[in-house]
Amino acid sequence: MQLASSGGRRLRHAALVARELALEDGRTVARKELSAAARDAAKALELRNGPRSVLSELVACWGEQEWERLLVWPSNDYLVNRTGLSERGIRKAFRVLIDQQLIVPKESPNGKRYAVKDLAGEVVDAFGFDLTPVYARRGEWAERLIEQKQAREARKRTFDEITIARRAAQEALGSLSREYPDLDRSDLENRLQGLLARTPLRSTKVMPVDMLDEWKTLRSACEEAYYKAGYAGTQCRHTNNNNGSPSKPCNKSFPKKAEAVRSIEQTSEHLSPELILEACPTLSDYGQPVRDLADIVSAGRYLRASLGAHESAWAEAVEEVGPVRAAIAVIYVLQLYEDDAAKNGGESRIKNPGGYFRAMVRMVKAGKIDLAVELLAMRRRRMS
1 MQLASSGGRR
11 LRHAALVARE
21 LALEDGRTVA
31 RKELSAAARD
41 AAKALELRNG
51 PRSVLSELVA
61 CWGEQEWERL
71 LVWPSNDYLV
81 NRTGLSERGI
91 RKAFRVLIDQ
101 QLIVPKESPN
111 GKRYAVKDLA
121 GEVVDAFGFD
131 LTPVYARRGE
141 WAERLIEQKQ
151 AREARKRTFD
161 EITIARRAAQ
171 EALGSLSREY
181 PDLDRSDLEN
191 RLQGLLARTP
201 LRSTKVMPVD
211 MLDEWKTLRS
221 ACEEAYYKAG
231 YAGTQCRHTN
241 NNNGSPSKPC
251 NKSFPKKAEA
261 VRSIEQTSEH
271 LSPELILEAC
281 PTLSDYGQPV
291 RDLADIVSAG
301 RYLRASLGAH
311 ESAWAEAVEE
321 VGPVRAAIAV
331 IYVLQLYEDD
341 AAKNGGESRI
351 KNPGGYFRAM
361 VRMVKAGKID
371 LAVELLAMRR
381 RRMS
């Protein structure tokens, strides 16, 4: 079988380079394998529609002969009918495919493309195009596709970071204009408009690395300007409103044990601090040790605000059911709210915990709810 030659076609260096590519010894290439290699080559080389269509039709003509070279010989008329291109477009596509070292022309003496048959009528050779480079370079196509994917991902990350920096800069300038309208920010706004005009669109193939650095610099400048406009937290004197004696301890974070525990509430073993701690782990948010019922009352007063309940709700509850049961009702409702939120993906069905607390107190007073029974049931559910 003859090697491909330039024949009457203008000699191209790419054709001579591609001619050196060969298949492995004894390798038989199926049309499906050749087609997959051609698709990868078209993607890796980013071929336009014309050359891509012509290459696809050339591959479809491969008859899977057991030859050393992958030769096909379709006529221009056949390719025109198959691709919808003009004959001039077909010739232009051939030049592109040859320059990309995808095909090698093998010209006949009369410039036609045809098969050479032996006396038995078997095709033993052909004049046309050699597709061996398409398949022989399949490893190169795979490497290029991986590199292109990595480049696309890196470009996407760069544009994402530009978007984040742009929004942060715009937000900082917006906050400056709202909170400090008299502050001169014209320089920052001019820089912002200039960057917006020079930043390429995502649809382009430019890698805007330098633009990312400029956006990060502008974001830092805008946020710094906003920070300094608020005196940076250090350039103004704090107003001292503490007129009390410096010897007095500062213990306003936790409530004092103002309400005395009634004697009738001391006797219930089912309302012990141990049971409440086991049933309602949210009591740990109190931040102080809970040793007796007096500590339970203090915790209830402190956690009342977590329910969004007004101080008057606490006062009414103490008046209606006593300080211990009022505190336990606070802790119980807060635990119900948190358990329901955890069960429903962060959104509790108790929309108004403060109102739920008031309703709980009324039912405790009416005897419709026994807090000791409810705590025991809650502990059993938690232990199971």
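Going by full-length UniProt numbering, 365 is the number at position 365 of the sequence shown; the sequence numbering is gapless. Ideal Cβ placement from N, Cα and C applies to all residues, glycine included.
Can you tell me where the beta strand (DSSP E) holding Asp125 begins and where it ends?
Run containing Asp125: 123 to 130, per the beta strand (DSSP E) assignment.
Relative to the C-alpha of Cys61, which residue among Val72, Arg379, Leu102 is closest?
Residue Val72 is the option with its Cα nearest to Cys61.
When burial is assigned at 16 or more other CB atoms within 10 Å of the CB, is Tyr169 buried or exposed?
Residue identity check: residue 169 is Ala in the sequence provided, not Tyr. Buried, by the Cβ-count rule.
Could you compute how far the alpha carbon of Lys365 sits from the alpha carbon of Tyr337?
Those two C-alpha atoms are separated by around 21 angstroms.
Just to check, is the beta-carbon of Arg95 closer than 7 angstroms to a non-hydrogen atom of the ligand MG?
In the structure on display, the ligand MG does not appear, and there are no ligands present to speak of.
Is the beta carbon of Tyr114 closer than 8 angstroms to that of Leu70?
No, the pair does not count as a contact, with Cβ atoms beyond the cut-off.
Would you call Ala309 buried or exposed, if buried means 16 or more other Cβ atoms sit within 10 Å of its Cβ?
Ala309 is buried by the Cβ-count criterion.
Have a look at Gly121 and Thr204 and give me their C-alpha separation to the nearest angstrom.
About 55 angstroms.
Kindly confirm or deny that the segment 215 to 226 and the segment 187 to 196 touch, where touching means at least three C-beta pairs closer than 8 angstroms.
Contact holds: three or more Cβ-Cβ distances are below 8 angstroms.
Under the DSSP definition of a beta bridge, which residues are partnered with residue 391?
This structure cannot settle anything about residue 391, because the visible part of the chain is limited to 1 through 384.
I'd like the span of the beta strand (DSSP E) that includes Val104, first residue to last.
That run of the beta strand (DSSP E) goes 104 to 106.
State the Cα-Cα distance for the pair Ala154 and Leu196, rounded to the nearest angstrom.
Looking at the two C-alpha atoms, the distance is approximately 21 angstroms.
Could you tell me whether the Cβ atoms of Leu375 and Ala279 are closer together than 8 angstroms?
Their beta carbons are under 8 angstroms apart, which means Leu375 touches Ala279 by this criterion.
Return the bridge partner residues of Val72 from the DSSP annotation.
Bridge partners of Val72: Phe129.
Cys236 to Ala229, Cα distance in whole Å?
Confidence at Cys236 is low in this model, with a pLDDT of 47, below 50, so its placement is unreliable and no value can be given for it.
Just tell me which of Ala172, Pro105, Ala44, Tyr302 has its CA closest to the CA of Pro74.
Taking only the C-alpha atoms, the option nearest Pro74 is Pro105.
If Asp292 and Pro273 are in contact, beta carbons under 8 angstroms, what's the gap, nearest whole angstrom?
Their Cβ separation, rounded to whole angstroms, is 6 angstroms, which keeps Asp292 and Pro273 in contact under 8 angstroms.
Which word fits residue 386, buried or exposed, when buried means at least 16 other C-beta atoms lie within 10 angstroms of its C-beta?
Nothing can be reported for residue 386: it is not among the residues displayed for the chain, which extend from 1 to 384.
Leu79 to Gly63, Cα distance in whole Å?
So the two alpha carbons sit approximately 16 angstroms from each other.
With a Cβ-Cβ cutoff of 8 angstroms, do Ser53 and Thr83 count as a contact?
Going by C-beta atoms, Ser53 is nearer than 8 angstroms to Thr83.
Which residue's Cα is closest to the Cα of Ala142: Asp125, Pro200, Ala36, Ala172?
When each option's Cα is compared against that of Ala142, the closest is Ala36.
Any idea what DSSP makes of Glu64, helix, strand or coil?
Coil at Glu64, not helix or strand.
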